[in-house]
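Before any comments, here is the structure.
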Amino acid sequence: MTFLSQTLARVKPSPTVAVTQLAAELKAQGRDVIGLGAGEPDFDTPAHIRAAGIAAIEAGKTRYTAPDGIAELKQAICAKFARENGLNYVPAQISVSTGGKQVLYNAFMATLNAGDEVIIPAPYWVSYPDMVKLGQGTPVIVEGKPELGYRITPEMLEAAITPRTKWFLFNSPSNPTGAGYSRAELKALTDVLMRHPHVWVMSDDMYEHLAYDGFEFCTPAQVEPGLYDRTLTCNGVSKAYAMTGWRIGYAGGPEPLIAAMRKIQSQSTTNPCSISQWAAVEALNGPQAFLAEWRAVFQRRRDLVVAALNAVPGLTCPVPEGAFYVYPSIAGLLGKTTPEGRRIDSDEEFATALLEEAGVAVVFGAAFGLSPNFRISYATSDTVLEEACGRIAAFCATLR
Ligand SMILES: Cc1ncc(COP(=O)(O)O)c(C=O)c1O
4 MTFLSQTLAR
14 VKPSPTVAVT
24 QLAAELKAQG
34 RDVIGLGAGE
44 PDFDTPAHIR
54 AAGIAAIEAG
64 KTRYTAPDGI
74 AELKQAICAK
84 FARENGLNYV
94 PAQISVSTGG
104 KQVLYNAFMA
114 TLNAGDEVII
124 PAPYWVSYPD
134 MVKLGQGTPV
144 IVEGKPELGY
154 RITPEMLEAA
164 ITPRTKWFLF
174 NSPSNPTGAG
184 YSRAELKALT
194 DVLMRHPHVW
204 VMSDDMYEHL
214 AYDGFEFCTP
224 AQVEPGLYDR
234 TLTCNGVSKA
244 YAMTGWRIGY
254 AGGPEPLIAA
264 MRKIQSQSTT
274 NPCSISQWAA
284 VEALNGPQAF
294 LAEWRAVFQR
304 RRDLVVAALN
314 AVPGLTCPVP
324 EGAFYVYPSI
334 AGLLGKTTPE
344 GRRIDSDEEF
354 ATALLEEAGV
364 AVVFGAAFGL
374 SPNFRISYAT
384 SDTVLEEACG
394 RIAAFCATLR
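For the sequence shown, counting from 1, position 203 maps to 206 in our numbering; every step adds exactly one.
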């Protein structure tokens with residue numbers, strides 16, 4: 004009998020971490036490698052937010068807190084939901100966790116039983132299916148259409164729903180495609196959900212503030228108030244405020260669900276870091292003007308990368324509405340051979356060859372459940388992006 008649990012056998016390690024590790028190893032060997040794998044802003048946490056963290060330490064706010072968040076942060080989150088999303092929650096409907104990841108994890112742990120199905124559109128953020136499996140649930144993958152920028156249609160959602168469906172997991176703008184659903188596209192999906200009252204909605208709004216060309220972000224409970232009582236609206240400060248290391252995520256939802264999530268959290272991590280919670284209060288209540296400046300920077304980088312990739316014969320890259328990722332297709336390169344003799348039959352082989360022969364680290368599409376593609380994170384400087392796109396173009400031109 005093996006010592007390790009059967010649950011462990013159901014999950015795989017994060018492929019994005021694996022790519023980052025391989026790139027680091029090559030760098031350590033002295034190779035010239037550009038890493039475009041990391042999913043975090045390259046900006047520093049703004050000074051006023053850092054100062055709030057330091058002030059919390061100096062003021063002795065360094066003890067255990069209420070399990071799912073201090074009152075001040077819950078208030079700030081309620082104000083944020085009302086101000087930005089037109090959603091009215093009271094503090095008892097708010098859960099704060101150690102990153103957006105723990106919010107989703109707690110929600111699955113608190114609700115899934117063996118055999119419960121969770122509908123996940125692909126390509127998806129790498130952790131979704133594995134978190135569902137850790138909770139004994141069954142991921143039901145619905146592949147987005149390339150010609151629709153990898154979105155799913157209402158018909159596809161309808162076809163995936165069964166009596167065992169517990170959650171529909173929605174993520175817009177998306178990691179890894181950056182695709183955002185317009186209000187009308189989202190309404191068409193929520194119309195389907197209104198016909199299936201047993202299905203709950205988990206909306207992962209992590210990239211809300213990273214939307215370009217005036218794209219109007221919206222979230223399911225806002226577009227269809229009829230879903231309010233069965234929607235968990237998840238968000239966090241990691242991506243919007245460049246606070247990935249502080250580990251603060253949050254959600255608003257029905258009180259019994261929030262209480263159930265609190266119970267899970269109280270028996271695992273107890274509470275999110277007290278200092279980070281005070282910094283998050285400042286992030287949500289403090290000045291927001293820098294968000295527009297960051298957005299402009301990201302939009303310029305997106306345009307740079309999309310134009311460069313679409314100029315490469317064999318690559319096709321939709322223009323994403325948000326996040327800081329692009330998800331080009333390599334369909335036009337499959338079956339070709341690299342100068343070092345590698346045959347490219349999959350996106351994993353493409354990413355490996357690109358790293359080893361051209362020194363550019365990207366994440367292969369199979370990791371996100373939809374091939375043949377790769378993901379680039381453009382949360383890095385214009386100079387690095389120009390160099391990386393140049394290398395990708397030169398590498399693709401050598402394929403025969
Ligand atoms: C779509 C999505 N949701 C949630 C998260 C988790 O964010 P956090 O770092 O706050 O746990 C990420 C992080 O990459 C993400 O891409």
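Beta carbons are placed, not taken as given, at the ideal position from N, Cα and C, and that holds for glycine.
- Secondary structure note for residue 358: it is in no beta strand (DSSP E), and the uninterrupted alpha helix (DSSP H) holding it is 350 to 361.
- A contact is defined here as three or more CB-CB pairs under 8 Å, and the region 91 to 107 meets this definition with respect to the region 72 to 80.
- In this structure, residue 196 and residue 230 form a Cβ contact; the two beta carbons are roughly 6 Å apart against a cut-off of 8 Å.
- The shortest C-alpha to C-alpha distance from residue 210 to any of 219, 203 and 204 is the one to 219.
- Inclusion of residue 104 and residue 252 in the CB contact set at 9 Å is warranted, their separation being smaller than that value.
- For the region 27 to 79, the full-length alpha helix (DSSP H) segments reaching 4 residues or more read 50 to 61 along the chain.
- The region 39 to 52 makes no contact with the region 164 to 171: fewer than 3 CB pairs, one atom from each, lie closer than 8 Å.
- Counted as a single uninterrupted DSSP element, the beta strand (DSSP E) harbouring residue 379 occupies residues 377 to 380.
- In this structure, residue 172 and residue 205 form a Cβ contact; the two beta carbons are roughly 5 Å apart against a cut-off of 8 Å.
- The closest heavy atom of ligand 1 lies less than 8 Å from the beta carbon of residue 250.
- By the CB criterion at 9 Å, residue 333 and residue 306 fall outside the cutoff.
- Judged by beta-carbon spacing, residue 352 lies beyond the 9 Å limit of residue 398, meaning their Cβ atoms are not closer than that value.
- Taking 8 Å as the cut-off, one finds at least one heavy atom of ligand 1 near enough to the beta carbon of residue 130.
- Proximity of the beta carbon of residue 247 to ligand 1 is indicated: a heavy atom of the ligand is located closer than 8 Å.
- In the structure shown, residue 148 adopts extended strand secondary structure according to DSSP, grouped into three states.
- Put simply, the backbone Cα of residue 238 is about 18 Å away from that of residue 298.
- A Cβ-Cβ distance of about 6 Å is found for the pair residue 327 and residue 213, placing them in contact under the 8 Å criterion.
- Distance between residue 141 and residue 119, taken at the CA atoms: about 6 Å.
- Taking C-beta atoms under 8 Å as the contact rule, residue 37 and residue 391 qualify, at a distance of about 5 Å.
- When DSSP reads this structure, residue 235 sits in a beta bridge with 205.
- Here residue 208 is buried, its C-beta having at least 16 other C-beta atoms within 10 Å.
- At least one heavy atom of ligand 1 sits closer than 8 Å to the Cβ of residue 105.
- Linking residue 323 to residue 271 through their CA atoms gives a straight-line distance of about 37 Å.
- Scanning 128, 242 and 134 for the CA closest to the CA of residue 146 turns up 128.
- The three-state reading of DSSP puts residue 25 in helix, counting H, G and I together.
- The three-state secondary structure of residue 120, taken from DSSP, is strand.
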